[in-house]
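Asker:
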Amino acid sequence: MSGSSLYMYGEEKQKEQQSKLPLPSIKWERHHIHDKRSVLTLSGATATYGTADGSAVIASCSEGTDIILWHGKTGRNLGHVDTNQLKNHMAAVSPNGRFLAAAAFTADVKVWEIVYLKDGSVKEVSRVMQLKGHKSAVTWLCFSPNSDKIITASKDGSIRLWNINVRYHMDEDPKTLKVFPIPLCDAGGNPLHYDRLSLCPEGKILAASHGSTLQWLCAETGSVLDTAEKAHEGDITCISWAPKAMTVGERKAQVLATAGVDKKVKLWEAPKLQSV
């Protein structure tokens with residue numbers, strides 16, 4: 001991603017007796033994908049729900065109100081939606097490729113279902129749910145690993161856990177399961193909001209950031225497990241978990257990657273959950 005352009009990189013085949021790993025090469029590229037508007041976020045998933053064929057699906061979210069779905073292998077445009085909410089904050093695809101959710105200018109979160117045909121192509125992207133409950137703009141959201149829950153953070157100073165595994169086709173609304181206060185305040189004691197969220201692959205630890213501050217929370221209770229103030233020299237721009245536990249020393253651990261405006265990428269070992 002660069003401004004309004006999208007680049008897909010892939011691994012080159014390693015030649016025999018090659019000592020160094022081959023550098024990734026550009027497989028496809030698309031330019032001015034949202035006209036001249038910048039891309040705010042990219043979110044990808046392997047589509048495994050229903051008749052999806054296991055291909056990668058990518059959502060690009062513009063700073064305007066549009067979101068476009070792309071086929072990961074070919075770069076084909078699979079469809080687009082409009083949030084109609086003045087400006088977007090971000091968008092995410094569920095891990096199974098079934099849902100697309102967007103946080104935008106208002107307190108509500110819109111959720112669409114990506115409907116696949118038998119050949120694995122996308123038939124349509126239809127809005128199926130709306131998460132209502134926050135009192136101010138939602139700044140970020142993330143899905144649970146099994147795609148049946150969403151966690152949202154808002155400028156109202158709260159985090160909400162939603163159950164989206166509902167019969168929406170029968171007008172059953174998503175349900176708020178839990179509400180946690182965001183445990184961050186400024187020097188004057190005023191509550192702050194989170195800029196980014198990311199739930200670990202096991203679904204037990206929530207990573208969150210505000211500015212240059214990084215926190216790890218227990219996803220079950222909302223309690224703070226650890227805080228890294230000034231994790232970067234400037235704002236944190238991205239947080240993402242490794243897809244599975246990694247070997248750290250002589251043990252396995254969940255590892256979080258962060259990037260910042262300081263042009264650095266850092267790896268963090270997740271704190272231990274306290275046994276109840």
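FYI, in UniProt numbering the residues of the sequence shown are 1 to 276. Ideal Cβ positions, reconstructed from N, Cα and C, are used throughout, including at glycine.
Rounded to a whole number of angstroms, what is the C-alpha to C-alpha distance between ALA242 and THR258?
Answerer: Their Cα atoms are separated by approximately 11 Å.
Asker: From this set, ARG160, THR176, ILE68, which residue's C-alpha is nearest GLU124's C-alpha?
Answerer: Among ARG160, THR176, ILE68, the Cα nearest to that of GLU124 belongs to ILE68.
Asker: May I ask you to report which of helix, strand or coil DSSP gives TYR49?
Answerer: In this structure, TYR49 counts as coil in the three-state DSSP scheme.
Asker: Determine, using beta carbons only, whether SER4 and SER60 come nearer to each other than 7 Å.
Answerer: For SER4 and SER60, no; Cβs fall outside 7 Å.
Asker: Terminal residues of the continuous beta strand (DSSP E) containing ASP66?
Answerer: Looking at the DSSP string, the run of the beta strand (DSSP E) that includes ASP66 is 66 to 71.
Asker: Could you tell me which uninterrupted beta strand (DSSP E) segments, each at least 3 residues in length, are contained entirely in the region 158 to 224, listed from first to last along the chain?
Answerer: Those beta strand (DSSP E) runs which fall completely within the region 158 to 224 and span 3+ residues are 158 to 163, 175 to 181, 196 to 199, 205 to 210, 213 to 218.
Asker: Could you tell me whether the Cβ atoms of THR237 and GLY260 are closer together than 7 Å?
Answerer: Yes, Cβ-Cβ distance for THR237 and GLY260 is below 7 Å.
Asker: Which same chain residues end up closer than 6 Å to TYR7 when comparing Cβ atoms and leaving out the 5 residues on each side of it in sequence?
Answerer: Closer than 6 Å at the Cβ level, and outside the excluded window around TYR7, lie ILE26, GLU29.
Asker: What's the gap between the Cα of VAL255 and the Cα of CYS200?
Answerer: Rounded to whole angstroms, VAL255 to CYS200 spans 9 Å at the Cα level.
Asker: Only counting runs of 4 or more residues, tell me where the alpha helix (DSSP H) segments fall wholly within the region 71 to 120, in order along the chain.
Answerer: Entirely contained in the region 71 to 120, not one alpha helix (DSSP H) run reaches 4 residues.
Asker: Can you tell me which residues form a DSSP beta bridge with SER25?
Answerer: Bridge partners of SER25: GLY10.
Asker: Return helix, strand or coil for HIS34, following the three-state DSSP convention.
Answerer: It is a strand residue.
Asker: If we ignore side chains and look at the alpha-carbon of each, how far apart do THR139 and ASN88 end up?
Answerer: Cα to Cα, THR139 sits roughly 9 Å from ASN88.
Asker: For VAL265, which of SER126, SER240, ALA245 has the nearest alpha-carbon?
Answerer: Cα-wise, what sits closest to VAL265 is SER240.
Asker: For GLN274, report the span of its beta strand (DSSP E) as first-last.
Answerer: GLN274 -> no beta strand (DSSP E), and no H or E assigned at all.
Asker: Measuring CA to CA, which of LYS135, LYS230, VAL93, LYS252 is closest to TYR49?
Answerer: Per the Cα distances, VAL93.
Asker: Mark LEU184 as exposed unless 16 or more other C-beta atoms lie within 10 angstroms of its C-beta, in which case mark it buried.
Answerer: Looking at its Cβ environment, which holds 16 or more other Cβ atoms inside 10 Å, LEU184 is buried.
Asker: Have a look at LYS20 and ILE164 and give me their C-alpha separation to the nearest angstrom.
Answerer: Going by the C-alpha atoms only, they are around 46 Å apart.
Asker: So, helix, strand or coil for VAL261, using DSSP?
Answerer: DSSP places VAL261 in coil when its eight states are reduced to three.
Asker: Under the three-state reduction of DSSP, which class applies to ALA137: helix, strand or coil?
Answerer: Here ALA137 sits in coil by DSSP.
Asker: Determine contact between the region 96 to 115 and the region 126 to 141, defined as no fewer than three beta-carbon pairs at a distance below 8 Å.
Answerer: Yes, since at least three Cβ pairs between the region 96 to 115 and the region 126 to 141 fall closer than 8 Å, the two stretches touch.
Asker: Identify, in the order they occur along the chain, each residue of the same chain with its Cβ nearer than 7 Å to the Cβ of ALA245, setting aside the five sequence neighbours on each side.
Answerer: Only LYS252, ALA253, GLN254 meet the Cβ criterion.
Asker: So what does DSSP say about GLY44, is it helix, strand or coil?
Answerer: Three-state DSSP puts GLY44 in a strand.
Asker: Report the residue from ARG167, SER55, ALA137 whose alpha carbon sits nearest the alpha carbon of ARG160.
Answerer: The option with the nearest alpha carbon to ARG160 is ALA137.
Asker: Using a Cβ cut-off of 7 Å (strictly closer), state whether HIS31 contacts chain B.
Answerer: Annotation note: the requested chain B is absent from the structure, which comprises a single protein chain.
Asker: Is it the case that the Cβ atoms of PRO191 and LEU225 are separated by a distance below 7 Å?
Answerer: Contact: no.
Asker: For LYS244, which of helix, strand or coil comes out of DSSP?
Answerer: In this structure, LYS244 counts as coil in the three-state DSSP scheme.
Asker: State buried or exposed for GLN215, treating a residue as buried only when at least 16 other CB atoms are found within 10 Å of its CB.
Answerer: The residue is buried, with at least 16 neighbouring Cβ atoms inside 10 Å.
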